[in-house]
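Data first, discussion second: the structure below is written as C-alpha cells.
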Amino acid sequence: MSVKIRLARGGAKKRPFYRIVVADTRMPRDGRFIERVGSYNPMLPKEHPDRVVLKEERIKHWLSEGARPSDRVARFLGDAGLAEKRTYNEQTKQHLPRAKTQERMREAEEKAKAAAEAAESAEAEAAEAPAEVTAEEAPAEEAAAEEAAAEEAPAEAAAAEEAPAEEAPAEEAAAEEAPAADDKADDDKKEA
Numbered sequence: 045m046s047v048k049i050r051l052a053r054g055g056a057k058k059r060p061f062y063r064i065v066v067a068d069t070r071m072p073r074d075g076r077f078i079e080r081v082g083s084y085n086p087m088l089p090k091e092h093p094d095r096v097v098l099k100e101e102r103i104k105h106w107l108s109e110g111a112r113p114s115d116r117v118a119r120f121l122g123d124a125g126l127a128e129k130r131t132y133n134e135q136t137k138q139h140l141p142r143a144k145t146q147e148r149m150r151e152a153e154e155k156a157k158a159a160a161e162a163a164e165s166a167e168a169e170a171a172e173a174p175a176e177v178t179a180e181e182a183p184a185e186e187a188a189a190e191e192a193a194a195e196e197a198p199a200e201a202a203a204a205e206e207a208p209a210e211e212a213p214a215e216e217a218a219a220e221e222a223p224a225a226d227d228k229a230d231d232d233k234k235e236a
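See the structure below:
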C-alpha cells in the first residue's frame, strides 16, 4: 500500500480550509484517510502562525515509514525544516518580456547609468573647486565678484538687445536652405 501526505479540502464555497492528512493514494482527495497530521488555512495572512499547523513528530514517523508528500505539502515541510525543499524547474521563456521590450529596458538602463555617471563627475568637479577658497579670502572675493557683476550688467543688457536682431538673418537662411534639401529629396525619389 502506498501512502501519501496530502491536502484534503474542507470549508465552504470560496472559503477553503485544508487538512493535511496521511492517506492511501487510491482514496479520493476528500475521502477516507489514515491520520490527520496538520492543517492549512489559506485565508489567513502569511505571517499568521495558524496558517500552517503541523504535527512534527507524526510527520517524521510517516516519512520514515515511506509516505511521500504532495508538492504543496513538501513545500510546507521544507519551510518547517522537516524535509528538503524541492527544486522546481525554471519557467519557460514565455514569461519573459519580448525582444523589443528587453531592448528598450537595456537602453533605459544605459541612459540611467550615463546620467548617474555624469552627475557623479559634476559633483566631483564641484567638490574640488570650492576646497581651494579659504575663510580669509572669501569676503574679498565676494566684494570683487559684486563689482564685476555691476560692471557686466549694462554690457549684458546691450548684448541681449542686439541678439534678436542677429538671430533673425540666421533663421531666414535656415528657412531658405530647408526647401532646397526637400527639392533634392524629391529629385532622388523621381529618379528611383
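Numbering (the working numbering), first residue to last: 45 to 236.
The C-beta atom is built at its ideal place from N, Cα and C for all residues, glycine as well.
This one's a predicted model, so the numbers in the text were calculated from it and none came from an experiment.
Per DSSP, reduced to three states, the secondary structure at arginine 80 is strand.
Around the Cβ of arginine 50, a 10 Å sphere holds 16 or more other Cβ atoms; the residue is buried.
Taking isoleucine 78 as reference, the option from Arg119, Glu100 and Arg63 with the minimal CA-CA separation is Arg63. Remark: C-beta atoms of valine 81 and lysine 104 do not approach each other more closely than 7 angstroms.
Assigned with DSSP and collapsed to three states, leucine 98 falls in strand.
Annotation: the continuous alpha helix (DSSP H) that includes glycine 122 extends over 115–124. In the displayed model, arginine 148 falls within a helix according to three-state DSSP. Here the alpha carbons of proline 113 and glycine 122 stand approximately 11 angstroms from one another. CA-CA distance, alanine 152 to arginine 102, rounds to 54 angstroms.
Threonine 145 and histidine 139 have their alpha carbons spaced roughly 13 angstroms apart. Contact annotation, leucine 107 with alanine 127: C-beta distance approximately 7 angstroms; criterion of less than 8 angstroms satisfied. The beta-carbon separation of alanine 111 and valine 66, rounded to 6 angstroms, stays under the 8 angstroms limit for a contact.
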